[in-house]
Amino acid sequence: MKKHLQTLAAGTALALILAAAPAQAQEAEAAADEAGDASAKEEIVVTGTSIRGLVKPVGASTVAVDREEVKATGVTSTVDLLANIPQIRNFGGAPAGQASATQSFAIPALRNLPNTQPGDGTLFLWNGNRMVGGGFSTRPDPAVIPTSAIDRVEVVLGGGSAIYGSDAVAGTINFVIRKTLDGAEVRGTYGMADEYSQFNMSGAWGKVWDTGNVLVAVDYSGHSNILGSDRSFVSNDLRSRGGSDFRLTSCAVPNVVVGTTTYAYPNWSTTANRCDPNDYQDIYPHERRWSVLGSFNQQITDNLEFGVDAYFSKRNDQFFFQQTAATGTIRSTGTRANPYFQTPVPGTTSQTVNFTFGSVFGNSVISDQDFKTWQVMPSLKWTIGGGWRGVATFNYGYGDGTVNQGDINPAYKLALDPGATGAPLTTATALNPFNLSQTNPALLEQIRNWNKYTHRDHETVHSKIVFDGPLFAAPGGDVKLAVGGERYWEDQYSIEAVGPLGKEDPALAGGIAYRDRTVYSAFAEVVLPLFSAENAVSGFQSLILNISGRYDDYSDFGGTFNPKIAGTWTPVDGIALRASYGTAFVAPSLNSMAKPPSVVLSSTTSTALIPPGGNSNLPMATIQGGNPGLKAETARTFDVGIDFTPAFAPGLKASVTYYWISMKNVVAGPNTSQFLTTPAYAGYYVIPTGTDAQKLAQINAFHGLSGLPIEGGGSVDRLGIPQIVVDSRTANLGESRISGIDYSLQYRIDTGIGTFTPAIAGTHGIKLDLSNPSGAPFVNQFLNGNPRDAFTASLNYSSGPVKARVAWDYLGGYPVLGVTNQTYVESFQTVNLYASYELPRQGILEGTTISVNIDNLLDEKPSFINRATGTGQIGGVGQGSFIGRFFSVSLEKKF
7 MKKHLQTLAA
17 GTALALILAA
27 APAQAQEAEA
37 AADEAGDASA
47 KEEIVVTGTS
57 IRGLVKPVGA
67 STVAVDREEV
77 KATGVTSTVD
87 LLANIPQIRN
97 FGGAPAGQAS
107 ATQSFAIPAL
117 RNLPNTQPGD
127 GTLFLWNGNR
137 MVGGGFSTRP
147 DPAVIPTSAI
157 DRVEVVLGGG
167 SAIYGSDAVA
177 GTINFVIRKT
187 LDGAEVRGTY
197 GMADEYSQFN
207 MSGAWGKVWD
217 TGNVLVAVDY
227 SGHSNILGSD
237 RSFVSNDLRS
247 RGGSDFRLTS
257 CAVPNVVVGT
267 TTYAYPNWST
277 TANRCDPNDY
287 QDIYPHERRW
297 SVLGSFNQQI
307 TDNLEFGVDA
317 YFSKRNDQFF
327 FQQTAATGTI
337 RSTGTRANPY
347 FQTPVPGTTS
357 QTVNFTFGSV
367 FGNSVISDQD
377 FKTWQVMPSL
387 KWTIGGGWRG
397 VATFNYGYGD
407 GTVNQGDINP
417 AYKLALDPGA
427 TGAPLTTATA
437 LNPFNLSQTN
447 PALLEQIRNW
457 NKYTHRDHET
467 VHSKIVFDGP
477 LFAAPGGDVK
487 LAVGGERYWE
497 DQYSIEAVGP
507 LGKEDPALAG
517 GIAYRDRTVY
527 SAFAEVVLPL
537 FSAENAVSGF
547 QSLILNISGR
557 YDDYSDFGGT
567 FNPKIAGTWT
577 PVDGIALRAS
587 YGTAFVAPSL
597 NSMAKPPSVV
607 LSSTTSTALI
617 PPGGNSNLPM
627 ATIQGGNPGL
637 KAETARTFDV
647 GIDFTPAFAP
657 GLKASVTYYW
667 ISMKNVVAGP
677 NTSQFLTTPA
687 YAGYYVIPTG
697 TDAQKLAQIN
707 AFHGLSGLPI
717 EGGGSVDRLG
727 IPQIVVDSRT
737 ANLGESRISG
747 IDYSLQYRID
757 TGIGTFTPAI
767 AGTHGIKLDL
777 SNPSGAPFVN
787 QFLNGNPRDA
797 FTASLNYSSG
807 PVKARVAWDY
817 LGGYPVLGVT
827 NQTYVESFQT
837 VNLYASYELP
847 RQGILEGTTI
857 SVNIDNLLDE
867 KPSFINRATG
877 TGQIGGVGQG
887 SFIGRFFSVS
897 LEKKF
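In the working numbering, the protein residues as written are 7 to 901.
This is the structure we're talking about:
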């Protein structure tokens, strides 16, 4: 990192030198063009274009959330803010990460692209520039930006790779930082729901002068955890709701399996002891976050402006989840006998015992996660003359994350059964699964002192230069050009290790990985105003075209060129037709390519993976990890829409957009549920046959398995010879076709008692088809687990110091396949209230506003699904927020 900090200083200095020469050379010309250039300095570049002066990107559908709307939502993080936009995947939910290293924070995503990498297809920017990865992932964590620093959020829907490069397939989300705050403000928020609380303290100070501004914003926020047992609708025992009993049989009170029969200890009933992991597991984690952001802009000369933006964010999460399940063989005779052996079937000499260490270690295990992210971005803008401007930006970012997750030493199995070569067990060396407290305390400590350690860091160095200005005058206005280039470098270092706390061994887990890449890019964009107010004719009040293209050359997978053409046509005042077509791409993440492969041993729990003649009690081996051969996901995007702002109804705005996305080379894991029935997957698994020696030879030869580490140590036949070996690593396997309609309508009505604004905004999915692997029939994902409709309808009111809002959020229901006794998941709907009042402007109360939010006023429960708790899913919860009715109050003071 040190060398890149040096590069940061050097890059800033270089940009100054580059800027100074043209600025000085143009002094005389600048004086002549002073009037024209003065207005040009006031022009801004909106998201989705590199050319100044456009009110919105040509041909694009946009969503904007201004500062007042941020306050009206009552949210305390940008991720929660984005969850209020219907086109965001987690609309209507409670965005949270998972207790894992792969998705440690919620990553919002536009549309509903069926990617396995969270956030793929959505580009995140701050002040128009890329954000660094948020810890474990190379995908950014939007929550690092304090809400107190945000002026507005601009969402441009549709492909944007012709402007920005990778990730902008479904759209681009840009956090625009405040520049006009002149004074100080502080804000405090406290909220609560059943068994839950949340707080936020933020402040911002800004100063504006004739030639520049400065802003400092700070934010400290947090919330408590929610255990599954805190919500009555979260359970793995769903029988009371017409569902199934998914409770586990590995519990603090053990079960014994003899043959195919399970017996419950201690009474040896054939009704197994069962336990619900939700009783001891978080559905929402405990979190604390600290963020600070600074922004400085200064006009150095009439032609030169310097700016720098920077932020630092630190976050700690704690997840509780159920104690790790344990299972093993226990014997009564021979050198492998366990002195604590008990059996429900007299004469039995070998049996399986399932249990947890909850009775001695506690029923919950903690995953402690620490992340920090920081970024600094100096920039120079210089006026060249003739309406032209240059902008040079240097952007350095760094993010890292560390997770320590408690676990149990897999060597506990040897304390149940030492194996054919192990030393005979005694009461000092044997594990008593029937009464763990009778086990030697030293042995228990050896088993308990086990930790999964994961660390990743992501570093980016991004240099960009762009020039824009008029080429020539045309009847409809100036034809403008933007042209530029970029160099982007990123790397990721990761280590995954397990072992005694402080002595974790990478050889027993995912190991150590490093990968970097360099990207060189060139881009150009032209805006052609064919008709405008200057030359309007009947049927053509305005017609503007935008043609753009970008070439990106990646050091690891090659080059890609992405063009786009867009247009906006206004045939009559108040009606604007727009359309765009282009290509886009998503570069594979460094982690998906670099993570070292490893082998995980387990029982064959999925019936779809049990080969002929096999059973679920036999072991299987799974190869997991990165795939260095991944290529870019490619896409074609098309949007067409209409905006309606009639003169006869000045407060009315309406918009409808049809979108279409076709993607190829989609990065996805093999669909293991179809392994044995889909010929295209034949190369992704092997079923060994023959003698034991022949089976092991086939297993070790499969995809280089013999050279891969076995997680937990030992050999591939540690649990027995696997009956099947699966390669689950992601590959460019899929294709997808996505289409739908976005819509919005609002009408501002001014009355004698205030202003009322009814509004609705939403999206309707038409097609969400996925083929995996490529060439297989496309499967309509709307027929299994994906809602078509999402909208928010609201009524806003304002009158002097009073503002209020009532909103109805709707997330549509959807069909499900393969769910016992259920074919449909119901919609999730909530009513949310907001009200604020600015206290009288006198004395100490001047500039003080109090506001109240009630989210989910009717305390609606999430929709039901007959499904167990697992990765990315909560037992019994189909969709919707599990927080429940949430009340919060905020106090804001401006100075």
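Just so you know, even glycine gets a beta-carbon here, dropped at the ideal spot from N, CA and C.
By Cβ distance, which residues of its chain are closer than 6 Å to residue i, with the 5 residues on each side in sequence left out?
i	result
ARG237	PHE888
VAL81	LEU87
VAL298	VAL224, PHE318
VAL64	ILE550, ASN552, ALA572, THR574
ARG957	In the structure displayed, the chain extends from 7 to 901; residue 957 sits before or after that span and is not available.
ASP200	GLY890
LEU845	LEU851, THR854
PHE567	TYR557
TRP814	ALA799, VAL837
PRO416	GLY718
GLU35	Note that GLU35 has pLDDT 32, beneath the 50 cutoff, so the model's placement of it is unreliable and the number below is only indicative. Correct list, in chain order: GLY391.
ASP484	PRO476
So the candidates are the options; which of them puts its Cα closest to the Cα of residue i?
i	options	result
ALA316	SER800, ASP795, ASN135, THR79	ASN135
GLN357	THR427, GLU201, GLY265	GLY265
PHE205	SER172, PRO283, GLU293, ARG247	GLU293
GLY696	PRO868, GLN729, SER373	GLN729
TRP388	SER208, GLY353, THR399, ALA429	THR399
THR445	GLN452, THR433, TRP456	THR433
I'd like to check one pair, residue j with residue i: are the Cβ atoms closer than 9 Å?
i	j	result
GLU191	SER154	yes
SER301	LEU221	yes
ARG403	GLY139	Note that residue 403 is Gly in the sequence shown, not Arg. The answer is yes: Cβ separation under 9 Å.
ASN802	THR763	yes
PRO152	VAL224	yes
PHE326	ASP288	yes
SER780	LYS637	no
VAL259	TYR269	no
GLY353	GLN329	no
ILE766	SER800	yes
ALA782	LYS809	no
THR339	THR355	yes
GLY249	GLN680	no
GLY818	SER804	no
Can you round the beta-carbon distance between residue i and residue j to whole angstroms, since I take them to be within the 8 Å contact cut?
i	j	result
ARG117	ILE744	6 Å
SER235	GLY313	Not really, about 51 Å apart at Cβ, beyond 8 Å.
TYR820	PHE788	7 Å
ARG342	PRO291	About 42 Å; that fails the 8 Å criterion.
With a CB to CB cut of under 7 Å and the five nearest residues on each side skipped, what residues in its chain are close to residue i?
i	result
SER668	ALA641, ARG642, ARG743
HIS709	ILE629, ASP733
LYS62	VAL52, THR68
VAL662	GLY647, ILE648, ILE747, TYR749
GLN879	ARG873
ILE616	THR610, SER622
LYS899	GLU191, VAL192, GLY853, THR854
TYR196	PHE205, SER894, VAL895
PRO146	PHE130, MET137, VAL138, GLY139, GLY140
Quick one: what's got a C-beta closer than 8 Å to residue i's C-beta in the same chain, skipping five residues either side?
i	result
TRP394	PHE473, ASP474, GLY475, PRO476
ILE727	PRO625, PRO694, ASP698, LYS701, LEU702, ILE705
ASP251	ASN242, ASP243, LEU244, ARG245, ARG280
ARG724	LEU607, ILE716, GLY718
TYR830	GLY819, TYR820, PRO821, VAL822
Curious, which full-length alpha helix (DSSP H) runs of at least 4 residues does the segment 753-830 contain?
-> Along the length of the segment 753-830, whole alpha helix (DSSP H) runs at least 4 residues long do not occur.
Beta strand (DSSP E) runs contained entirely in the segment 192-224, provided each spans 3 or more residues | Here the runs fully enclosed are 202-215.
Quick one: complete beta strand (DSSP E) runs, 3+ long, within the segment 507-582?
-> 517-537, 548-560, 564-578
If you scan the segment 250-310 from start to end, which runs of the beta strand (DSSP E) of 3 or more residues do you find wholly inside it?
-> 261-264, 267-270, 288-290, 292-305
Considering only residues of the segment 664-742, which uninterrupted alpha helix (DSSP H) runs meet the minimum length of 4 residues and lie entirely inside it, listed in chain order?
-> 698-707
Taking only runs of the alpha helix (DSSP H) that begin and end inside the segment 328-390, which ones reach a length of at least 4 residues, in chain order?
-> 364-367
Write down every uninterrupted run of the alpha helix (DSSP H) in the segment 160-196 whose length is 4 residues or greater and which is fully enclosed by it, in chain order.
-> Qualifying alpha helix (DSSP H) stretches, in chain order: 167-170.
Can you list the alpha helix (DSSP H) stretches of 4 or more residues lying completely in the segment 396-474, in chain order?
-> 418-422, 447-454
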